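Peer 1:
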């Protein structure tokens, strides 16, 4: 009788996969953020209070914390912030590009246009409005900050990521809406070091696109055919926020 209710019942019979890490006071975050920026679940109104018997907590965290979404204003002065993106912009056809075997051979691996074209040979063109997720296997290193950064003896970071050419392909040749990855940064570390900047992340946000960092469970999602949703509180003026993201797999 009510088609949307029937569609919801059908979707609930599909498999739903969590794509974000749980957070606590020991969860890692970028070292440039001042100490004391994370304080989760602090009790400010406890059980047994005569005014009202209930529990109230406060939560303090940086916008770029855990699995999080970045808005253009994070890297682009004057760029769009959270309020520019409505709920429709948070639902996507999900594309998962798996380069885990290449990363095992080279932890600096940067996804190439050829990787994307190989994906398209198997599954068809990357669709308009897609969320393109890069699966590297790096999520297994959570929540060890040293393992995520993969520091070398000189203190340099060593992890895989996107290349500029691959991002230009998904946004300019195709019309993706967003990209995501399991690492702490967009750029493969070797490319960031060569550029002296997070040039790939700057490019994404300068295009008015979105990205979600520190994803997980991409190994549980098919390369094509799933849909993804990202949800965060509608805090105005945010450059980024911890996000709840999940995928719904086809029947």
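Numbering (our numbering), first residue to last: 925 to 1175. Idealized CB from N, CA, C, for every residue including glycine. Quick caveat: nothing in here was measured; it's all calculated off a predicted structure.
1) Please report the straight-line C-alpha distance between residue 1109 and residue 1148, rounded to a whole angstrom.
2) Assuming residue 1045 is part of the alpha helix (DSSP H), what are its boundary residues?
3) In chain order, what residues of the same chain have a beta carbon less than 7 Å from the beta carbon of residue 1172, not counting five sequence neighbours either side?
4) To the nearest angstrom, how far is the alpha carbon of residue 995 from that of residue 974?
5) Which residue wins for smallest C-alpha separation from residue 1053, given the options 1098, 1077, 1064?
6) Quick one: grab the DSSP three-state call for residue 1103.
7) Can you give, in chain order, each stretch of the beta strand (DSSP E) that sits fully within the stretch 976–1039 and has at least 3 residues?
8) Pull the bridge partners of residue 1111 from the DSSP assignment, please.
9) What residues in its chain sit with their C-beta under 8 Å from that of residue 1146, if we drop five residues either side in the sequence?
10) May I have the straight-line CA-CA distance separating residue 930 from residue 1084, to the nearest angstrom?
11) Expressed to the nearest angstrom, what Euclidean distance is found between the alpha-carbon atoms of residue 1073 and residue 976?
12) So who's on the other strand from residue 942, going by DSSP bridges?
13) Span of the alpha helix (DSSP H) holding residue 935?
14) In terms of alpha-carbon separation, which member of 990, 1160, 992, 968 lies closest to residue 1212?
15) May I ask you to report which of helix, strand or coil DSSP gives residue 967?
16) Who are the Cβ neighbours of residue 1139 in its own chain at under 8 Å, not counting the five residues just before and after it?
17) Consult DSSP for residue 1057 and reduce its assignment to one of helix, strand or coil.
Peer 2: Looking at the coordinates:
1) The sequence position of residue 1109 within the chain shown is 185, counting from 1. The sequence position of residue 1148 within the chain shown is 224, counting from 1. Inter-residue distance for residue 1109 and residue 1148 is about 24 Å (C-alpha atoms, whole angstroms).
2) Stepping through the chain shown from its first residue, residue 1045 is reached at position 121. Note, residue 1045: alpha helix (DSSP H), 1037–1047.
3) By 1-based counting over the chain shown, the position of residue 1172 is 248. Close CB contacts of residue 1172 within its chain, under the 7 Å cut and outside five residues either way in sequence, are with 935, 938, 940, 1150, 1151 (chain order).
4) As a first step, residue 995 must be located in the chain shown, where it is residue number 71. As a first step, residue 974 must be located in the chain shown, where it is residue number 50. Distance from the CA of residue 995 to the CA of residue 974, rounded to the nearest whole angstrom, comes to 43 Å.
5) Reading the chain shown from its first residue, position 129 is the one you call residue 1053. Across the set 1098, 1077, 1064, the C-alpha of 1098 shows the shortest separation from the C-alpha of residue 1053.
6) Indexing the chain shown from 1 puts residue 1103 at position 179. Under the three-state reduction of DSSP output, residue 1103 falls in the strand class.
7) Listed in chain order, the beta strand (DSSP E) elements of length 3 or more contained wholly in the stretch 976–1039 are 980–984, 992–994, 1015–1022.
8) Taking the chain shown and counting its residues from 1, one reaches residue 1111 at position 187. In the DSSP secondary-structure assignment, residue 1111 is bridged to 1086.
9) If you number the chain shown from 1, residue 1146 lands on position 222. The beta carbon of residue 1146 is closer than 8 Å to those of 1020, 1173, 1174 in its chain, skipping five residues each way along the sequence.
10) Locating residue 930 in the chain shown gives position 6, counting from the first residue. Locating residue 1084 in the chain shown gives position 160, counting from the first residue. Between the alpha carbons of residue 930 and residue 1084 lies a gap of roughly 42 Å.
11) Your numbering for residue 1073 matches position 149 in the chain shown. Your numbering for residue 976 matches position 52 in the chain shown. Residue 1073 and residue 976 have their C-alpha atoms some 46 Å from each other.
12) Reading the chain shown from its first residue, position 18 is the one you call residue 942. Residue 942 pairs with 1170.
13) Stepping through the chain shown from its first residue, residue 935 is reached at position 11. Per DSSP, the unbroken alpha helix (DSSP H) holding residue 935 starts and ends at 927–936.
14) Residue 1212 falls outside the range modelled here, since the chain spans only 925 to 1175, and no answer is possible.
15) Position 43 of the chain shown, counted from the start, is the residue given in the question as residue 967. In the three-state scheme derived from DSSP, where H, G and I count as helix and E and B as strand, residue 967 is classed as strand.
16) Position 215 of the chain shown holds residue 1139. Excluding the 5 residues flanking it on each side, residue 1139 has same chain C-beta neighbours closer than 8 Å at 943, 944, 991, 1057, 1063, 1104, 1105, 1106, 1169, in chain order.
17) Along the chain shown, read from residue 1 onward, the residue named residue 1057 stands at position 133. The three-state reading of DSSP puts residue 1057 in strand, counting E and B together.
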